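Oh and the sequence shown: position 70 is 70 in UniProt numbering, straight run, nothing missing. Don't be surprised by glycine CBs; every beta carbon is placed ideally from N, CA and C. On a predicted model such as this, the values are computed, not experimentally measured, just so you know. Each remark here refers to the structure printed beneath this line.
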Amino acid sequence: MSTKNQIGLDTNKSEQLASKLNDLLANYSIFYQNTRGFHWNIKGEKFFELHVKFEELYNDLILKIDEVAERILTLGYSPKHNYADYRKVSKIKESEEVSDGGKAVKSILESFQTTLILQRELLGLASDAEDEGTSALMSDYIREQEKMVWMYSSFLNK
(Lines of atoms letter the chains of each structure in order from A and count residues from 1; the text may use other names and numbers.)
(Lines give C-alpha, C1' and ligand atoms only; values in the text may rest on other atoms or scores of the structure.)
Protein backbone atom coordinates (compact mmCIF):
# COMPACT_ATOMS: atom_id res chain seq x y z
CA MET A 1 0.00 0.00 0.00
CA SER A 2 1.35 3.40 -0.99
CA THR A 3 2.20 5.91 1.69
CA LYS A 4 1.97 8.76 -0.83
CA ASN A 5 -1.14 10.59 -1.99
CA GLN A 6 -1.93 11.51 -5.60
CA ILE A 7 0.40 14.52 -5.55
CA GLY A 8 3.29 12.54 -4.04
CA LEU A 9 3.05 13.70 -0.43
CA ASP A 10 3.11 11.47 2.64
CA THR A 11 -0.52 10.52 3.39
CA ASN A 12 -0.20 10.86 7.17
CA LYS A 13 1.35 14.31 6.89
CA SER A 14 -1.23 15.30 4.28
CA GLU A 15 -4.04 14.28 6.61
CA GLN A 16 -2.55 16.40 9.40
CA LEU A 17 -2.22 19.35 6.98
CA ALA A 18 -5.80 18.94 5.76
CA SER A 19 -7.07 18.91 9.34
CA LYS A 20 -5.17 22.09 10.19
CA LEU A 21 -6.30 23.69 6.92
CA ASN A 22 -9.89 22.90 7.95
CA ASP A 23 -9.17 24.77 11.20
CA LEU A 24 -7.94 27.73 9.12
CA LEU A 25 -11.04 27.46 6.94
CA ALA A 26 -13.25 27.67 10.04
CA ASN A 27 -11.39 30.73 11.33
CA TYR A 28 -11.49 32.44 7.95
CA SER A 29 -15.21 31.76 7.62
CA ILE A 30 -16.07 33.33 10.98
CA PHE A 31 -13.65 36.21 10.24
CA TYR A 32 -15.38 36.73 6.89
CA GLN A 33 -18.86 36.83 8.38
CA ASN A 34 -17.76 39.20 11.15
CA THR A 35 -16.27 41.52 8.54
CA ARG A 36 -19.50 41.42 6.52
CA GLY A 37 -21.34 42.45 9.68
CA PHE A 38 -18.91 45.32 10.25
CA HIS A 39 -19.41 46.46 6.66
CA TRP A 40 -23.20 46.33 6.91
CA ASN A 41 -23.54 47.93 10.34
CA ILE A 42 -20.70 50.44 10.72
CA LYS A 43 -21.76 53.90 11.88
CA GLY A 44 -20.02 57.14 12.76
CA GLU A 45 -17.63 59.68 11.37
CA LYS A 46 -15.36 57.13 9.64
CA PHE A 47 -18.29 55.31 8.01
CA PHE A 48 -17.28 55.92 4.39
CA GLU A 49 -13.63 54.97 4.91
CA LEU A 50 -14.33 51.85 6.98
CA HIS A 51 -17.30 50.69 4.89
CA VAL A 52 -14.99 50.48 1.85
CA LYS A 53 -12.07 48.89 3.76
CA PHE A 54 -14.31 46.24 5.28
CA GLU A 55 -15.68 45.38 1.84
CA GLU A 56 -12.13 45.02 0.48
CA LEU A 57 -11.27 42.77 3.40
CA TYR A 58 -14.28 40.46 3.12
CA ASN A 59 -13.71 40.15 -0.64
CA ASP A 60 -10.12 39.09 0.09
CA LEU A 61 -11.25 36.65 2.77
CA ILE A 62 -13.80 34.95 0.50
CA LEU A 63 -11.02 34.29 -2.03
CA LYS A 64 -8.82 32.81 0.68
CA ILE A 65 -11.70 30.63 1.90
CA ASP A 66 -12.01 29.19 -1.59
CA GLU A 67 -8.25 28.69 -1.97
CA VAL A 68 -7.96 26.91 1.39
CA ALA A 69 -10.92 24.63 0.58
CA GLU A 70 -9.38 23.80 -2.80
CA ARG A 71 -6.02 23.06 -1.16
CA ILE A 72 -7.73 20.61 1.21
CA LEU A 73 -9.28 18.90 -1.84
CA THR A 74 -5.90 18.87 -3.60
CA LEU A 75 -4.44 17.03 -0.61
CA GLY A 76 -7.20 14.42 -1.02
CA TYR A 77 -9.55 15.42 1.79
CA SER A 78 -12.89 17.22 2.18
CA PRO A 79 -13.26 20.79 3.39
CA LYS A 80 -15.79 21.30 6.17
CA HIS A 81 -18.54 23.63 5.08
CA ASN A 82 -21.01 24.32 7.86
CA TYR A 83 -20.96 26.90 10.60
CA ALA A 84 -21.78 24.36 13.32
CA ASP A 85 -18.40 22.73 12.63
CA TYR A 86 -16.71 26.11 12.26
CA ARG A 87 -17.95 27.34 15.64
CA LYS A 88 -16.55 24.23 17.34
CA VAL A 89 -12.97 24.74 16.15
CA SER A 90 -12.60 28.43 15.34
CA LYS A 91 -10.57 30.51 17.76
CA ILE A 92 -12.18 33.57 16.17
CA LYS A 93 -15.61 34.00 17.72
CA GLU A 94 -18.69 35.54 16.15
CA SER A 95 -18.73 39.27 16.79
CA GLU A 96 -21.59 41.08 18.43
CA GLU A 97 -19.99 44.55 18.37
CA VAL A 98 -20.55 45.60 14.79
CA SER A 99 -21.37 49.32 14.67
CA ASP A 100 -18.39 50.94 16.43
CA GLY A 101 -15.48 51.44 14.03
CA GLY A 102 -12.75 51.24 16.65
CA LYS A 103 -14.11 48.01 18.12
CA ALA A 104 -14.51 46.55 14.65
CA VAL A 105 -10.88 47.34 13.75
CA LYS A 106 -9.67 45.87 17.06
CA SER A 107 -11.64 42.70 16.30
CA ILE A 108 -10.08 42.55 12.84
CA LEU A 109 -6.59 42.90 14.33
CA GLU A 110 -7.30 40.09 16.82
CA SER A 111 -8.57 37.93 13.95
CA PHE A 112 -5.43 38.61 11.94
CA GLN A 113 -3.31 37.61 14.92
CA THR A 114 -5.22 34.33 15.19
CA THR A 115 -4.91 33.53 11.49
CA LEU A 116 -1.23 34.51 11.38
CA ILE A 117 -0.40 32.16 14.25
CA LEU A 118 -2.32 29.34 12.58
CA GLN A 119 -0.73 30.02 9.18
CA ARG A 120 2.77 29.96 10.67
CA GLU A 121 1.94 26.60 12.24
CA LEU A 122 0.73 25.38 8.84
CA LEU A 123 3.90 26.71 7.23
CA GLY A 124 5.97 24.54 9.57
CA LEU A 125 3.81 21.47 8.95
CA ALA A 126 3.94 22.03 5.19
CA SER A 127 7.71 22.38 5.26
CA ASP A 128 8.02 19.13 7.21
CA ALA A 129 5.76 17.41 4.64
CA GLU A 130 7.71 18.95 1.72
CA ASP A 131 4.39 20.47 0.60
CA GLU A 132 5.44 23.46 -1.47
CA GLY A 133 1.85 24.23 -2.53
CA THR A 134 0.63 24.79 1.02
CA SER A 135 3.90 26.50 1.97
CA ALA A 136 3.59 29.02 -0.86
CA LEU A 137 -0.04 29.72 -0.01
CA MET A 138 0.73 30.31 3.67
CA SER A 139 3.78 32.47 2.88
CA ASP A 140 1.68 34.68 0.62
CA TYR A 141 -1.08 34.99 3.21
CA ILE A 142 1.36 35.82 6.01
CA ARG A 143 3.10 38.53 3.98
CA GLU A 144 -0.20 40.14 2.95
CA GLN A 145 -1.72 39.99 6.41
CA GLU A 146 1.30 41.35 8.23
CA LYS A 147 1.02 44.45 6.04
CA MET A 148 -2.70 44.68 6.75
CA VAL A 149 -2.00 44.49 10.50
CA TRP A 150 0.32 47.46 10.12
CA MET A 151 -2.33 49.41 8.18
CA TYR A 152 -5.23 48.66 10.54
CA SER A 153 -2.99 49.35 13.55
CA SER A 154 -2.06 52.70 12.01
CA PHE A 155 -5.74 53.52 11.74
CA LEU A 156 -5.97 53.08 15.52
CA ASN A 157 -2.73 55.13 15.95
CA LYS A 158 -0.85 52.19 17.45
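Cβ-Cβ distance between residue i and residue j below 8 Å
i, j, result
"residue 162", "Ile65", "The chain is shown from 1 up to 158; residue 162 falls before or after that span and cannot be answered."
"Leu17", "Leu61", "no"
"Ser90", "Asn27", "yes"
"Ile108", "Leu73", "no"
"Lys80", "Leu25", "yes"
"Val98", "Phe38", "yes"
"Thr115", "Gln145", "yes"
Proximity winner among the options, relative to residue i (alpha-carbon distances)
i, options, result
"residue 209", "Glu146, Lys103, Val149 and Glu132", "As shown, the chain starts at 1 and ends at 158. That puts residue 209 outside it, with no answer to give."
"Ala134", "Asn12, Asp10 and Leu21", "For the sequence presented, residue 134 should be read as Thr rather than Ala. Of the listed residues, the one whose Cα sits closest to Thr134 is Leu21."
"Leu156", "Glu70, Ala84 and Ala104", "Ala104"
"Val52", "Thr114, Ala126 and Arg36", "Arg36"
"Ser111", "Val149, Glu130 and Met138", "Val149"
"Ser139", "Ser154, Met151 and Ile117", "Ile117"
"Glu94", "Glu15, Gln6, Thr3 and Ser29", "Ser29"
"Leu63", "Tyr141, Thr114 and Gln6", "Tyr141"
"Glu55", "Ser19, Ala84, Gln145 and Asn34", "Asn34"
Own chain, CB closer than 6 Å to residue i, minus 5 neighbours either side, in chain order
i, result
"residue 230", "Residue coverage of the chain in this structure runs from 1 to 158, which leaves residue 230 outside it and unanswerable."
Supposed close pair residue i, residue j - CB separation, criterion 8 Å
i, j, result
"Arg71", "Leu123", "Not confirmed; about 13 Å, so no contact."
Same chain, Cβ closer than 7 Å to residue i, neighbours up to 5 away in sequence not counted
i, result
"Ala129", "Leu9, Asp10, Lys13, Ser14 and Leu17"
Contacts around residue i, its chain only, beta-carbon distance under 8 Å, and the 5 residues preceding and following it disregarded
i, result
"Arg143", "none"
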